[in-house]
Every structure is written in C-alpha cells, then in structure tokens.
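The sequence shown begins at 1 in full-length UniProt numbering and counts up one residue at a time.
Working notes, beginning with the structure itself.
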Amino acid sequence: MNIELATTPERWQWLGAVVGSKPKSRLKATDPQDLRRRSPTQSPHPSANANLSWRRKRKSWLSGAACIFMITVPPSLVILTWIALEHFNGSLFAASFALQELGLSTDLSYTALQYQRHGYITNSIIIVDIFHVMYVVDFFINESWYLRTIDICHDHFGFYLAWGSAVWLPTMYTLQSQYLARYPVQLSPWAAALIFTVGVSGYALFRSVNFQKDIVRRTNGDYIIWGKKAKVMRCHFKTADGRDHQTLLLLSGWWGISRHCNYVGDLMLSYSMCAVCGTRNLIPWTYAIFMTCILVHRCFRDEARCRTKYGEQWTKYCNAVRWRLVPGIW
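Written as structure tokens, this is what we have:
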C-alpha cells in the first residue's frame, strides 16, 4: 500500500506549542516518491534516526514533567512566593495567606456548597467553621508570638513553607468542610456540645501553655504561676557569631507537667475537628493523623536541637520534667 505523510490539523497545533513538541503525523495512501519528498526528517543513516528518536523521547519526558509541575505548583504558589519575598516577612505572610485567604475562605465556600446541594447547613460544619475562625483570629492577635516559633526561627521561608502554605495546608486543613459539603453529618445536641467543649478546651490549653512561657521570659522569671513564683532554669548558649546568650526554661505550670504540653492542646483541637465528621470515612481524619505525625516528629526535632544548644543543662531539664508530651504515657 502506498502511503503519504499528512500533518496534524492546524486547530490542534496550539496544543503542541504549549507542551513544546512538534505536531504529530498520520499516514495515508499515496505515491512513494511523494512520501520521500514530504518526509525530510527521515534520514538514510540509522544513527541519525536513532538520535531523532531519542530527542522525541526527551521531549515527551519534558512535556510530562511540565504537566506535573503545573499540577503540583499552581500559580498561587509563584505569586505567594514573589509577594512574600518582595514585600513582607516571607514565613509570616505565607502562614497568614494559608490561614485567612485560602483556608477560611475554602471552609466558608464549602458551607455555602452544602446549603446549595442539600438545602440546609449542619451543626457539624458550623463547628468546623467556628474552630477555624477561632484559629485565624488567634493567629492575628498573637502575631508577635508566631515570630518566635520554630517555623520562623529555624525553618525560614523556602519551598517547604511556600508550597505547604499555598498547596498542602489549604487542602489538608479543610478536609472536614470538603467532606461535610458532600456527606452532611447532623450531630446530636450532646455530641455537638461534647466535641465543641473538647475543641475549645484544647485551644485554651494551647494558648495558656504558650502564654506561661512568654510571660515568664518577658518578666525574667518574676511571675506567679498557679499561686507560686515561677520556677525556672537559666541556660546559657552561644550563637554562630560568638555571642553569649541566656534564656529561661520553665519548670512550673504546664511546663512542669510535660515538655511539649502545647502540642497536646493542638491535638485536642485537631481531633475535635475530625470527630464532627463521624467514623464512616477515614479521609476527614487524615488531618488529625497528619498533625499527630508532624507534632511527634517536631518533639524529637526540637529536643535534638535543644540538646545541641544547651548541652548538659538540657539533660537536667529533662530529668526535672520527665514526660515529653502526654503525662503518664510518653
């Protein structure tokens, strides 16, 4: 059968231009001489044909990589990174962007979607919205506290925080509202009250623990906690520039019970947000599992850094405060 080489219709050539590849070709019957005349890329030398095949494979691989990049790195990440580095504190802006612009707006949008689809709004999604509003308001009220967290002081602003704030966190932190918009769960009054109480208690614990540490350091240990003068351990360390510094490790209040009691409050709030979705599906619980993994890992990471920073003084502190996270368990 005689064949000829016909190019792809022009209406599809723009797609090839986007991914960086030339239009494909198709075969149909024609005269052999016409085929040779219209196939200038075909070479009589096998080595040249092999090189052309390799180039085509490379273009296919690059096209696939470009598609993956466009899926996993949305324009919001590029815009966020530029704004954060050009005009603001990168880490702080990324966190506020994820919480306010993406996270909270996504929750409220899915609440509206639930009403649009089902004609009503459940108490479960309202509890999720309240928890997230509470979290966002707390962030902006205590912005100065966030500047002293491990994210700012040690992680700094890079791909980890930029991609997490623009892609991961808005997806992971809103799993409950995404689920409830499609599969509504109406809690009984006592279940809603119990979950809401546990979540608010977790937030109160989280805020109280961090407040005790901050106020003790601001007052240089001259503060009363739970009716007694704060008990502190003064630790000395040296920074990379050779300067000597002093800090206080608190041994009273919540910090006398466990070394990371603030994480307990964070976990209580996380599990409360997942509990409103029920136990029929594991997907909305992914957030609580993620928070457990990241906070347990952060315990080890933070203590390894403190052990290097404070040396024997950190060992004495660990002997004084036995429990790492949950008193009586770990």
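The beta carbon of each residue, even a glycine, is placed where N, CA and C say it ideally should be.
8 angstroms CB neighbourhood of residue i in its chain, flanking five on each side removed
i, result
"V258", "The amino acid at residue 258 is misidentified as Val; the sequence shows Ser. Only V264, V321, W323, R324, L325, V326 and P327 meet the Cβ criterion."
"A288", "L267, S270, Y271, M273 and C274"
"H245", "H236, F237, K238 and T239"
"Y110", "I125, T174, S177, Q178, L180 and A181"
"W330", "W323 and R324"
"T286", "M172 and L175"
"residue 370", "Since the first residue of the chain shown is 1 and the last is 330, residue 370 is not available in this structure."
From the options, residue whose alpha carbon lies closest to that of residue i
i, options, result
"T197", "L180, V128, T219 and T247", "V128"
"I130", "R301, C299, K316 and I195", "I195"
"A240", "S188, C299, T308 and G199", "T308"
"R298", "N319, H260 and I329", "H260"
"I225", "G253, V137, E303 and I126", "G253"
"A191", "V296, N123, T286 and L282", "N123"
"V136", "Y120, H118, D107 and W163", "D107"
"P184", "S105, V296, G311 and I121", "I121"
"G103", "N142, M172, Q116 and F140", "M172"
"D138", "N319, V200 and F300", "V200"
"S105", "E143, P170 and G119", "P170"
"L187", "Q116, T279 and L251", "T279"
"K228", "E143, L251 and E312", "L251"
"Y310", "C293, R234, L282 and T286", "R234"
Beta-bridge pairing of residue i - partner residues as DSSP gives them
i, result
"I225", "K228"
"K309", "According to DSSP, which records beta bridges pairwise, K309 is partnered with nothing at all."
"M233", "L249"
Contacts around residue i, its chain only, beta-carbon distance under 6 angstroms, and the 5 residues preceding and following it disregarded
i, result
"P284", "L175, Q176, Y179, C274 and C277"
"W314", "C306 and R307"
"Y223", "I215, V216 and A230"
"G119", "none"
"N319", "none"
"N142", "none"
"A112", "none"
"W61", "The pLDDT assigned to W61 is 47, lower than 50, so where the model puts this residue is not dependable; a value taken from the coordinates is nonetheless given after this. Taken in chain order, the list of residues that qualify is empty."
Residue i (DSSP reduced to helix, strand or coil)
i, result
"D241", "coil"
"L250", "strand"
"S258", "strand"
"R322", "coil"
"S63", "Caution applies to S63, whose pLDDT of 48 falls short of 50 and renders its modelled position unreliable; the value that the coordinates give is listed next. S63 falls in the helix class under three-state DSSP."
"R38", "Because R38 carries a pLDDT of 47, less than 50, the predicted location of this residue cannot be relied on, and no value is offered for it."
"V198", "helix"
"P189", "helix"
"C293", "helix"
"C274", "helix"
"I329", "coil"
"L282", "coil"
"residue 335", "The chain is shown from 1 up to 330; residue 335 falls before or after that span and cannot be answered."
"Y120", "coil"
"I3", "Confidence is the limiting factor: at I3 the pLDDT is only 42, short of 50, which leaves the residue's position unreliable and the question unanswerable from this model."
"N210", "helix"
"T219", "coil"
"Y263", "helix"
"Y183", "coil"
"W314", "helix"
"P23", "In this prediction, P23 scores a pLDDT of 46, lower than 50, which makes its location untrustworthy; no coordinate-derived value is stated."
Distance CB(residue i)-CB(residue j) smaller than 8 angstroms
i, j, result
"M134", "Y203", "yes"
"G242", "V232", "no"
"L249", "Y317", "yes"
"V216", "A230", "yes"
"Q114", "I125", "yes"
"K213", "W168", "no"
Other residues of its chain near residue i: CB distance less than 7 angstroms, five sequence neighbours each side excluded
i, result
"N262", "F206, V209 and N210"
"L295", "Y263, D266 and L267"
"H132", "G103, L104 and D107"
"Q116", "none"
Residue i Cβ short of 7 angstroms to the ligand ATP heavy atom set
i, result
"P284", "Looking for the ligand ATP in the displayed structure turns up nothing, as the structure carries no ligands at all."
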